[in-house]
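Novice: If you count the sequence shown from 1, position 270 lands on 255 in my numbering, and the numbers rise without skipping. The beta-carbon is built from N, C-alpha and C at its ideal position, and this holds for glycine as well.
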Amino acid sequence: MDKKVALEEHFATPQYGGRPHFLAADVWADVERRLFDFTQLRLALMDETGIGYAIISLTSPGVQGDRDVAAAVNGARTSNDVLASAIAANPDRFGGFAAVALQDVEAAVEETHRCVKELGFHGVLVNSFTDTPDGRALHLDDARFAPLWRALEELNVPLYLHPRLQPAAQRTAMVDWPEMAGPVMEFTTETSTAALRLITSGLFDRHPRAQVVLGHLGETLPYNIWRIENRMRKATDRTTLAKSLTSYLKENFYVTTSGHFSTPSLIAALEVMGHDRVMFSVDYPFDEMTQGSAWFDGVPLDDALRHQIGRGNAERLFSL
Ligand code: GRE
Ligand code: ZN
């Protein structure tokens, strides 16, 4: 097929590039050298695996994990500038999602404008909730973030909702069984809940043009939405939303294949989301371009649909 576009591909800076405790040391050694590289290893692998264009973002938790507000605001700017330089050196191969310091909403809106209008970025990527100086977790449905959602609607760019570790108080399963930490189970628990919060809070009634991208084939939501919707109708706190949960999922979300190279899961996502809401991605360097591309290039889809998921939907969404 034509060259693919990949959307959840990460880089790091010294400030935000520490070893996650849940990655085996040998795995991290391999991930680390690729996280800090743009051209030596990344471009060759993109060529080898038929990926023409990658939208790159800062690794998780990034600035969302800064309790110091000034450090977060500075960290967002400087890491966005590092990414902008890498893009400027290879503008036909790389694009960017901005890091935004939601610890200071006004600064985050300003940075969103700068990154989209001046640097040509394709949207923002937020690692789920944002830390406060006193260690609380602010989720994206918080009313204080309305200016960010308005800016995204005005600029007509999406927010990529990316995982991070759960808030400490919720991590009991991971404390008992650390094997389940991070991308194994914890990420999708955190991020599917964060996405459902956006819907349940009525955010998309207030911001109907807002678009959210979920990785990992929708963080289980395409598979689970029927049950969630069915049981929310029976809950003590019945929902007062204007539309069905499934309608919001289909009208305000896209999902990517990042780190989830499973054909049954892809089929479920396509059935629930519709063919124009599913897009190829890898999650490099935490997952492999070789594995993701070999899987996707061989999935039993007709050529038109493979093209649509492999690049067509991304071309439309990001005006590539
Ligand atoms: C990911 O994006 O998958 C990821 C991170 C940071 C640590 C581990 C990980 O962004 O898998
Ligand atoms: Zn990722």
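Can you have a look at Arg62 and say buried or exposed, based on whether 16 or more other CB atoms are within 10 angstroms of its CB?
Specialist: It counts as buried.
Novice: Check whether the Cβ of Glu171 sits closer than 7 Å to any heavy atom of the ligand ZN, and report yes or no.
Specialist: Checking the Cβ of Glu171 against the ligand ZN gives no.
Novice: Identify which residue in Ala92, Ala86 and Leu104 has its Cα closest to the Cα of Gly80.
Specialist: Gly80 has its Cα closest to that of Leu104, out of Ala92, Ala86 and Leu104.
Novice: Kindly provide the chain-ordered list of residues whose Cβ lies closer than 5 Å to any non-hydrogen atom of the ligand ZN.
Specialist: Listed along the chain, these residues meet the criterion: Glu(-7) and Asp268.
Novice: Beta carbon of Gly244: closer than 7 Å to some heavy atom of the ligand GRE?
Specialist: True, at least one ligand heavy atom lies under 7 Å from that Cβ.
Novice: When you compare the region 273 to 286 with the region 27 to 37, are there three or more beta-carbon pairs, one atom per stretch, that lie closer than 8 Å?
Specialist: The region 273 to 286 is in contact with the region 27 to 37.
Novice: Considering only the beta carbon of each residue, do Ser243 and Gly35 sit closer than 8 Å?
Specialist: Cβ atoms of Ser243 and Gly35: not closer than 8 Å.
Novice: Is any heavy atom in the ligand GRE found nearer than 7 Å to the beta carbon of Leu8?
Specialist: Yes - the ligand GRE has a heavy atom lying nearer than 7 Å to the Cβ of Leu8.
Novice: Out of curiosity, what's the CA-to-CA distance linking Leu43 and Leu226?
Specialist: Taking the straight line from one Cα to the other gives about 34 Å.
Novice: Please report the distance separating the alpha-carbon of Thr185 from that of Ser177.
Specialist: Rounded to the nearest angstrom, the two C-alpha atoms are 12 Å apart.
Novice: Can we count Gly167 as close to the ligand GRE, meaning its CB is less than 7 Å from some heavy atom?
Specialist: Under cutoff, so the answer is yes.
Novice: With three or more C-beta pairs closer than 8 Å as the rule, is the region 68 to 80 touching the region 137 to 153?
Specialist: At 8 Å Cβ cutoff, the stretches do not touch.
Novice: Less than 7 Å between C-beta atoms, sequence neighbours within five positions excluded: which residues of the same chain meet that for Ser250?
Specialist: Around Ser250: Leu202.
Novice: So for Ala92, helix, strand or coil by DSSP?
Specialist: If DSSP states are grouped into helix, strand and coil, Ala92 belongs with the helices.
Novice: Which partner residues of Val111 appear in the DSSP bridge assignment?
Specialist: Per DSSP, Leu146.
Novice: Near Ala166, what residues of its chain come up, given a Cβ to Cβ distance below 6 Å and the 5 sequence neighbours on each side ignored?
Specialist: So the qualifying residues of the chain are Phe7 and Met159.
Novice: Measure the C-alpha to C-alpha separation of Gly108 and Tyr145 and round it to an integer number of angstroms.
Specialist: Roughly 8 Å between the two C-alpha positions.
Novice: Taking just the CA atoms, how far does Leu20 sit from Ser45?
Specialist: So the two alpha carbons sit approximately 12 Å from each other.
Novice: Assuming Ala195 and His124 make a contact with CB atoms under 8 Å, what is their CB distance in whole Å?
Specialist: Rounded, the Cβ-Cβ distance is 15 Å, inconsistent with contact.
Novice: Determine the contact status of Glu95 and Val267, defining contact as a CB-CB distance below 8 Å.
Specialist: Contact: no.
Novice: Within the same chain, show all residues whose beta-carbon is closer than 6 Å to that of Leu110, passing over the 5 residues directly before and after it, in chain order.
Specialist: These residues qualify, in order along the chain: Ser42, Phe82, Tyr145 and His147.
Novice: Fully enclosed by the region 140 to 200, which alpha helix (DSSP H) runs are 4 residues long or longer?
Specialist: Runs found: 157 to 161, 171 to 185 and 188 to 191.
Novice: Name the DSSP bridge partner or partners of Ala(-9)?
Specialist: Ala39, per the DSSP bridge assignment.
Novice: Quick one: using the 10 Å Cβ neighbour count with 16 as the cut-off for buried, is Gly295 buried or exposed?
Specialist: Result: buried.
Novice: Are the CB atoms of Phe246 and Arg262 within a distance shorter than 8 Å?
Specialist: For Arg262 and Phe246, no; Cβs fall outside 8 Å.
Novice: Is the Cβ-Cβ distance between Ala84 and Gly47 less than 8 Å?
Specialist: Yes, the pair counts as a contact, with Cβ atoms nearer than the cut-off.
Novice: Should Pro207 go down as buried or exposed, given a rule of 16 or more other Cβ atoms within 10 Å for buried?
Specialist: The residue is buried, with at least 16 neighbouring Cβ atoms inside 10 Å.
Novice: Could you name the residues that DSSP lists as bridge partners for Arg263?
Specialist: The sequence shown places Val at residue 263, rather than the Arg named in the question. Val263 pairs with Val240.
Novice: Chain C beta carbons: is any one of them nearer than 8 Å to that of Ser247?
Specialist: Here chain C cannot be found, since the structure has a single protein chain.
Novice: For Met258 and Val240, which I take to be in contact (beta-carbon distance under 8 Å), what is that distance rounded to the nearest angstrom?
Specialist: Contact flag correct, Cβ pair sits at about 6 Å.
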